[in-house]
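In this note's numbering, the protein residues as written are -18 to 599. Built from N, CA and C at the ideal position, the CB exists for glycine as well.
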């Protein structure tokens, strides 16, 4: 008998009775702003936002939303109009987001790494745009088009306390002069402070009646499909469903607690999990748009957020620094951590175990949490619950249990649903599913089929309802003797060796020839040659029945590189790395040299010399 997780929904046993129904019982005929405005009144004594030590009350934040609603109306923004926003979250961007929702318009949070061609296509129907001055150079060729009647310019110093505002404003001006990126002097470009004054010219009603299935927010996918821009459209109904699923999942959100949001609003996680949900719960959203490892360390240690969520790569940079400083005698107190969550591409079991040990040493009451989401479902799909752990762990870490209100299934290549503990593509059915991809009708048809969102992720669900995500469905290589092999399976095989801390396997030019990118786990340089020789022999024996060739290994210190825009492992960068790749034959080191031809074919040469014989593997 093929038991179907989509029918049994065994994960619901971890929730209160009726959680599934309550998660889908969203308010009728209400917008996202309608619901959040009520919560601003309910928790009136708790600050809505904190921005560089300035607390913004719920009353002031509500006033700011109405000011921006009148500003947009005075500028001629119409119902159902798409308004592109390019840049990170600031308090005024937070208010603009809800103001546009109030007037029935739709903010489109543009992918930060968007190309000029894609930007023109995605903004073709817009006449008002919002841009962060520090990123003006990225978009100026498009936003200078005559079709844009107004471009609202936001700066990092907006909403800052004095005198910090003057200092930052001056530094922004100096940096802009250096980069030749000063915003043109024209009535077309209007700074935030001046834009708010425009509100006085509109005296009519700003709220529009609720309309079913109206486009409410457009977020961008994180970019796992290369340069393709995928704007996912959420409606008021789908957004509220996602919020209510979170509210009925018993996550560690509590009134008066603090939630760090340092991610740009282009990510649905930032918009929903780190902005809408905290406001719904009566929390304070700590807005800090800086995303470097040093900044994130300071945000966690100095701002003391109860809730924080970022990618496995960013958590890794933080805990590497914490571990180093602990070894030097520094004391940490993480007792305030209630829901620090690993999202994005996740991480592996060994790292989480180490991080939890560090958390325990720092007096944290809770361990690290894991979660999984999708832009096509406006973020959350599963979340780890406090003190709910699987009976048996797999080689990869679990990402919790599905939210109440969702229907999940794992399907094979023939669209047949698989039973528990079997791997296949994860499909999700939910009222939180996207309306469509913006201007991508064919792609929408391939992703949203009969109410199911085809996630493109290979997953499995165990007998107790825990969800495991192995990797992307597209990341596979045809193997003659073993069927299809996934790149993540080859990487996981490497990580079975205790000497390897992390590994990522990528193909050369979409061929069956791969390179393994490796991080050693505290292994002495002089020992690495012998260890790699043993590992390589094991890998070749494992791959011998396939037509997959492991060309060589690239080594990275401490951790694999990550993208500064997605904060995930930077596969695009690693795919372009053809230098400093080595291979070992009979315990001797060889340089791997690639020669590429115009027709995208290539050849490999293994070069050995006296210098190589003497060197150790760094």
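Contacting residues, own chain, Cβ-Cβ under 7 Å from residue i (five flanking each side not counted)
i, result
"residue 258", "224, 227 and 234"
"residue 170", "132, 134 and 164"
"residue 162", "Here the model assigns residue 162 a pLDDT of 49, short of 50, so the residue's position is not dependable, and the following value carries that caveat. The residues are 117 and 118."
"residue 403", "391 and 441"
"residue 379", "351, 371, 447, 448 and 449"
"residue 603", "No information on residue 603 is available, as it lies outside the stretch -18 to 599 that the chain covers here."
"residue 232", "320 and 364"
Segment limits, beta strand (DSSP E) that includes residue i
i, result
"residue 112", "109 to 113"
"residue 422", "Element bounds for residue 422: not the beta strand (DSSP E) but the alpha helix (DSSP H), 422 to 428."
"residue 543", "From DSSP, residue 543 is part of no beta strand (DSSP E); its letter is neither H nor E."
"residue 501", "494 to 501"
"residue 88", "87 to 90"
"residue 67", "63 to 67"
"residue 440", "433 to 442"
"residue 196", "196 to 201"
"residue 561", "Counting along the chain, residue 561 falls outside any beta strand (DSSP E), and DSSP gives it neither H nor E."
"residue 584", "583 to 588"
"residue 144", "Careful: residue 144 lies outside any beta strand (DSSP E) and carries neither H nor E."
"residue 212", "212 to 216"
Delimiting residues of the alpha helix (DSSP H) encompassing residue i
i, result
"residue 76", "72 to 83"
"residue 568", "Segment: none, residue 568 is in no alpha helix (DSSP H) and carries neither H nor E."
"residue 1", "0 to 5"
"residue 552", "552 to 556"
"residue 284", "Per DSSP, residue 284 belongs to no alpha helix (DSSP H) and is neither H nor E."
"residue 416", "Segment: none, residue 416 is in no alpha helix (DSSP H) and carries neither H nor E."
"residue 99", "97 to 103"
"residue 519", "506 to 524"
Test item: CB-CB of residue i and residue j under 7 Å
i, j, result
"residue 180", "residue 48", "yes"
"residue 493", "residue 529", "yes"
"residue 352", "residue 322", "yes"
"residue 210", "residue 99", "yes"
"residue 256", "residue 243", "no"
"residue 293", "residue 334", "no"
"residue 543", "residue 550", "yes"
"residue 407", "residue 438", "yes"
"residue 50", "residue 77", "no"
"residue 534", "residue 504", "no"
"residue 63", "residue 222", "no"
Reduced DSSP secondary structure (H/G/I, E/B, other) of residue i
i, result
"residue 466", "strand"
"residue 191", "coil"
"residue 457", "strand"
"residue 372", "coil"
"residue 261", "helix"
"residue 401", "coil"
"residue -14", "helix"
"residue 595", "Residue confidence is low: residue 595 scores 38 on pLDDT, short of 50, so the model does not pin down where it sits. No coordinate-derived value is stated."
"residue 449", "strand"
"residue 534", "strand"
"residue 183", "coil"
"residue 137", "coil"
"residue 126", "coil"
"residue 170", "strand"
"residue 47", "helix"
"residue 406", "strand"
"residue 471", "helix"
"residue 58", "coil"
"residue 94", "coil"
"residue 149", "helix"
"residue 476", "helix"
"residue 393", "coil"
"residue 491", "coil"
"residue 573", "strand"
Same chain, Cβ closer than 8 Å to residue i, five either side skipped, listed in chain order
i, result
"residue 166", "none"
"residue 27", "39, 236, 237, 263, 264 and 265"
"residue 456", "467, 468 and 469"
"residue 42", "21, 29, 30, 72, 75 and 76"
Contacts around residue i, its chain only, beta-carbon distance under 6 Å, and the 5 residues preceding and following it disregarded
i, result
"residue 101", "123"
"residue 67", "91, 112 and 120"
"residue 471", "486"
"residue 218", "none"
"residue 289", "241 and 321"
"residue 25", "39"
"residue 596", "For residue 596, the pLDDT reaches just 39, beneath the cut-off of 50, and the residue's location in the model is therefore unreliable, although a value from the coordinates is still provided. Closer than 6 Å at the Cβ level, and outside the excluded window around residue 596, lies no residue."
Minimum length 4: unbroken alpha helix (DSSP H) runs contained in the stretch 288 to 368:
293 to 308 and 330 to 342
Curious, which full-length beta strand (DSSP E) runs of at least 3 residues does the stretch -7 to 44 contain?
30 to 32 and 35 to 37
Unbroken stretches of the beta strand (DSSP E), 3 residues or longer, contained in the stretch 219 to 277:
Runs of the beta strand (DSSP E) spanning 3 or more residues and lying entirely within the stretch 219 to 277 occur at 239 to 242 and 265 to 268, in chain order.
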